[in-house]
Structure formats: structure tokens, C-alpha cells
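Okay, structure first, notes after.
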Amino acid sequence: MEEQNNNPAWVAFHQLRNTFFNSVNQLRTNAAWEELIQQAFAHPLDTANALLLLETQLDYGDSCLAKKFSAELIKIAIVGSITNIVLARRVLSKMNNTPWEVPPATTIDRIISQHTATEDEEWLYRRGIELANVLNLASLKRHLITQCKNSGNENLLDLAEDW
12 MEEQNNNPAW VAFHQLRNTF FNSVNQLRTN AAWEELIQQA FAHPLDTANA
62 LLLLETQLDY GDSCLAKKFS AELIKIAIVG SITNIVLARR VLSKMNNTPW
112 EVPPATTIDR IISQHTATED EEWLYRRGIE LANVLNLASL KRHLITQCKN
162 SGNENLLDLA EDW
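Heads up: the sequence shown begins at 12 in the numbering used here, then just goes up one per residue.
Structural data, given as C-alpha cells:
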């Protein structure tokens, strides 16, 4: 064990690890954490960083800010880029055991309704159904599938059959 402690690579690794964890702890106790996440969400290229910060916070057992940004997370999980969709789903799935300020089913349904005029309907519903599945929202999943079946849109009918 002493050999590891004297190894320069081992020492450097632990110094970097400690620096990282000290920085994270400083952010956790600092009001700047919320501002940092908000600024990152404001810039599309930094959205992934905001999602990773929220995930780190959840890994430490703190869900306060993730709940505050839950509507933004759901929106990203439905209309974001592929990378951000994956990250947002990961964060949302970690939040699933905490009480939500706004029911996710309401937010998912609202976001799909708001974006159907500008986005590909099939993808919106597909992502909404997948997110409902990730969050174990069976009633929302059934509701979205029923909407697809009743739409008359061939692509949405095919989507409903897939589920």
C-alpha cells in the first residue's frame, strides 16, 4: 500500500480527485450552482454540461435543483438533441423516486401539444411514450398511445402499433 502512496501517478490521481470533489462540494453549498445550471441551459452547447451537473447533484442525494428544472429536463428529453435526450432521461430516471413539484405527465403532455406544429409529430409522440416508459407512467403512456390511435395520421397509427 505504501508503494501506491509514493507513486507519483497515484499521488497525482488522488490530488485531481480531491480537487474535483472539493469543487463539487463548493458548488453544492454555493448559490452559484443554480445560476451555473441556468446559464448552461441558456446556451445550447452547454446543455449537456448542465445535465451532467444536475446528475452529479442527484448522485450526492440532493434533488432540489433537479426538481426546480424538471420542466426543462422533460422538454430536453422530448425535443432535445440525441445526446441531450439520453442525458435528460438519465437525470429524470434518477429523480423518479423523489416527489415532483409538477406531475411529469402534465408537463410531457403539454410539451408535446406545444411542439406538434413545429416538430415531427411522430418523433414527439415516440419520445413522449419512451419517456413515460422510462418514468413508469403507465397511464400517460396509454393516453399518448390512444392519441396516436385516434389521430388518423398513418405514422402515429404505426407508432401506436409498435407499443
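In this text, a Cβ means the ideal position worked out from N, Cα and C, and glycines have one as well.
Predicted, not measured: the structure shown is a model, and the values here were computed from it.
For residue i, three-class secondary structure by DSSP
i, result
"E112", "coil"
"F80", "coil"
"N18", "coil"
"G91", "coil"
"S162", "coil"
"G139", "helix"
"N60", "helix"
"S150", "helix"
"H25", "helix"
"W134", "helix"
"S104", "helix"
"H54", "coil"
"T127", "coil"
"S74", "coil"
"W44", "helix"
"L167", "helix"
Neighbour-count burial assignment, residue i, 16 or more Cβ in a 10 Å radius
i, result
"I93", "exposed"
"Q50", "exposed"
"W44", "buried"
"T118", "buried"
"T58", "buried"
"R153", "exposed"
"C75", "exposed"
"V102", "buried"
"K160", "exposed"
"E172", "exposed"
"R137", "buried"
"I72", "As written in the sequence, residue 72 is Gly, which differs from the Ile given in the question. By the neighbour-count rule (16 or more Cβ atoms within 10 Å), G72 is not buried but exposed."
"P115", "buried"
"A77", "buried"
"F52", "buried"
"S150", "exposed"
Chain D contact for residue i (CB, 8 angstroms cutoff)
i, result
"A88", "No chain D appears in this structure, which consists of one protein chain only."
Whole-angstrom C-beta distance between residue j and residue i, which should lie under 8 angstroms
i, j, result
"L63", "L27", "The Cβ separation is near 17 angstroms, so there is no contact."
"I178", "I89", "Given a span of 12 to 174 for the chain in the structure shown, any question on residue 178 remains unanswerable."
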